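Asks:
Residue numbers (our numbering): 5 to 251.
Given below as structure tokens:
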């Protein structure tokens, strides 16, 4: 039979084992807590850095003057009763749209915007998917700050390469910052999805109009496909409105 001394020793050993297990458990809980807190801190730091750096991405911005007769906070220039109306169905990820914007649009605008004889409208046609739709929504947000035209032109200057991802929120916000827009208001507008339904409706309207590719230009009801130079537009205008003359 075990003596009282042996029983006491076994009791102490069991108690020590329990204490060791408790200490080990407490140590593990503490370690897990440190790891979790460290992860949260790292995520918070990364989020802070992302927000701080979003306005510092290497983007280009347009320096073209706002078109004459541009509508305030709008997506058109020229009088509504102009004898010639040009509608461009455009996608911000469309390479041919980018070609028109970067090579022809400014000369076209300088030639006709001040004439009072031409109205030019941009209609969103984001065939290229989510990123293109986000860029279209961003242009609407820019229009709220009367910055549609410089933002529109800048989107084409920052068009992603064919097949590449582009027009993330950080890039779109960086463009706004470089154009001296209120980035807080812009970010709130973009992140809220305020214009998501409008962009979806724009795409549906383009399809309903029979548009299957971009850029598509509709001039006084007649459809012309692909980018056009100012000289080509002069010929088109002479065709659809022969009584309208330009210097």
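Even glycine gets a Cβ: it sits at the ideal position worked out from N, Cα and C.
Every value quoted in this text rests on a predicted model; they were computed, and no experiment measured them.
Between 65, 182, 161, which has its C-alpha nearest residue 100's C-alpha?
Replies: One-based indexing of the chain shown puts residue 100 at position 96. It is 161 whose Cα lies nearest to the Cα of residue 100.
Asks: Which word fits residue 243, buried or exposed, when buried means at least 16 other C-beta atoms lie within 10 angstroms of its C-beta?
Replies: By 1-based counting over the chain shown, the position of residue 243 is 239. Residue 243 comes out exposed.
Asks: With a threshold of 6 Å on Cβ separation, who are the neighbours of residue 1 within its own chain once the five nearest residues in sequence on each side are excluded?
Replies: With the chain represented from 5 up to 251, any question about residue 1 goes unanswered, as that position is not in the structure.
Asks: Grab the span of the alpha helix (DSSP H) containing residue 138 for me, first residue to last.
Replies: To locate residue 138, count along the chain shown from 1; it is residue 134. Where residue 138 is concerned, the enclosing alpha helix (DSSP H) stretches over 134–148.
Asks: I need the straight-line Cα distance from residue 93 to residue 216, nearest angstrom please.
Replies: As a working note, residue 93 is residue 89 in the chain shown. As a working note, residue 216 is residue 212 in the chain shown. Roughly 10 Å between the two C-alpha positions.
Asks: Residues in the same chain with beta-carbon distance under 6 Å from residue 222, minus the five sequence neighbours each way, listed in chain order, please.
Replies: On the chain shown, position 218 is the one that residue 222 refers to. Cβ within range, chain order: 91.
Asks: Would you call the CB atoms of residue 150 and residue 203 closer than 8 Å?
Replies: As a working mapping, residue 150 is identified with position 146 in the chain shown. As a working mapping, residue 203 is identified with position 199 in the chain shown. It is not a contact, given that the beta carbons lie outside the stated cut-off.
Asks: Sort 251, 183, 78 by Cα distance to residue 155 and report the nearest one.
Replies: Residue mapping note: residue 155 aligns to position 151 of the chain shown, counting from 1. Per the Cα distances, 183.
Asks: Excluding the 5 residues flanking residue 33 on each side, which residues of the same chain have their C-beta closer than 7 Å to its C-beta?
Replies: As a working note, residue 33 is residue 29 in the chain shown. Only weak support exists for where residue 33 lies, its pLDDT of 46 falling under 50; the value from the coordinates is given anyway. There are no such residues.
Asks: Nearest-angstrom Cα distance between residue 114 and residue 125?
Replies: Within the chain shown, the letter at position 110 stands for residue 114. Within the chain shown, the letter at position 121 stands for residue 125. Rounded to whole angstroms, residue 114 to residue 125 spans 15 Å at the Cα level.
Asks: Mind checking residue 226: buried by the 16 CB within 10 Å criterion, or exposed?
Replies: Counting from 1 along the chain shown, the entry for residue 226 is found at position 222. Exposed, because fewer than 16 other Cβ atoms sit within 10 Å of the Cβ of residue 226.
Asks: Quick check on the DSSP output: what are the complete alpha helix (DSSP H) runs of length 4 or more inside the region 164–203, in order along the chain?
Replies: Entirely contained in the region 164–203, the alpha helix (DSSP H) runs reaching 4 residues are, in chain order, 173–182, 187–196.
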